């Protein structure tokens, strides 16, 4: 089976899964809630050189085991991959190597792994959700790599995975895909934040279309207000203002207002910002930490 066939089959399976599991296709896909609705037991614990395991009903499942050491994005993708195994009625599957090309030699994947991997992309990035994310950027198709990165933030997906999927959705040309994949996410984050960004932290750019939205974040992420002169009107204690060179809460006109998410945030918090043109934007930040332990303890 080639990848084109795998994606064609997986796209159909993902739509059926969205329908059967009551998934909202217009925005951020709650993959852990979908696992629970599917009756799949979820466990997560720190493991070496392992993405996850799917245990089929024939082996006392269905259940998934996820690596608690993975970051949010990788763990979400792995959860969707394992859900794909379940929905496609595969047998027990072990993702034993973090470098799958090392496990499968030249990078060719077994058919069931291709299908599960393709399912994860279509499950987490349905077309209506992608279109809604692009709408928040004020475009109908991505025009530069920063747009792909911002779509990934709204959908909780990786930059590379999002670029590849945008191409599958015919929203990027092959040439654009090839070029954009060469751009490092760290470079994009620096551009959006106006300076260096630590490690795995993500940057969430907030414009006027974010009014009423929920922004999924983790500790260390940066919330950046779009436009010169923007500032936070109300900033909850879980967000720490990133000082300007003058040590002030509000940046000067040459740089955006920035706040860092701290560990104080354990659930949700409301934020109010004022953007250029006197536009007031109210949005919610919601903590989405990597899962650990048993699924019945995981926040949805």
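Residue numbers (full-length UniProt numbering): 1 to 300. By construction, the Cβ of each residue, glycine as well, lies at the ideal position given by its N, Cα and C atoms. Keep in mind it's a predicted model, so treat the numbers as computed, not measured.
Opposing strand residues paired with residue i [DSSP bridges]
i, result
"residue 270", "284"
"residue 63", "41 and 55"
"residue 231", "274"
"residue 240", "260"
"residue 143", "Looking at the DSSP assignment, residue 143 forms no beta bridge with any residue, so it has no partner."
"residue 50", "Residue 50 pairs with nothing; no bridge assigned."
"residue 15", "Bridge partners of residue 15: none, in fact."
"residue 203", "222"
Residue burial classification, residue i (beta-carbon count within 10 angstroms, cutoff 16)
i, result
"residue 267", "exposed"
"residue 221", "buried"
"residue 89", "exposed"
"residue 42", "buried"
"residue 150", "buried"
"residue 4", "exposed"
"residue 158", "buried"
"residue 75", "buried"
"residue 111", "exposed"
"residue 64", "buried"
"residue 270", "exposed"
Check whether residue i and residue j have beta carbons under 7 Å apart
i, j, result
"residue 204", "residue 188", "no"
"residue 163", "residue 177", "yes"
"residue 95", "residue 52", "yes"
"residue 282", "residue 272", "yes"
"residue 237", "residue 264", "yes"
"residue 129", "residue 26", "yes"
"residue 354", "residue 218", "With the chain represented from 1 up to 300, any question about residue 354 goes unanswered, as that position is not in the structure."
"residue 66", "residue 35", "no"
Three-way DSSP call (helix, strand, coil) for residue i in this model
i, result
"residue 32", "helix"
"residue 296", "helix"
"residue 185", "helix"
"residue 216", "strand"
"residue 101", "Confidence is the limiting factor: at residue 101 the pLDDT is only 44, short of 50, which leaves the residue's position unreliable, though a coordinate-based value still follows. Three-state result, residue 101: helix."
Cβ of residue i within 7 Å of any chain B Cβ
i, result
"residue 213", "Absent from the structure: chain B. Only one protein chain is present."
Take every Cβ of the segment 142–157, pair it with every Cβ of the segment 188–202, and state whether three or more of those distances are shorter than 8 Å.
Counting Cβ pairs under 8 Å, three or more are found: they touch.
Stretch pair the segment 75–93 + the segment 3–17: three plus CB contacts closer than 8 Å:
Taking 8 Å as the limit for Cβ pairs, the verdict is that the segment 3–17 does touch the segment 75–93.
Do the segment 50–65 and the segment 3–12 make contact, defined as three or more Cβ pairs closer than 8 Å?
With fewer than three CB-CB distances shorter than 8 Å, the segment 50–65 does not count as touching the segment 3–12.
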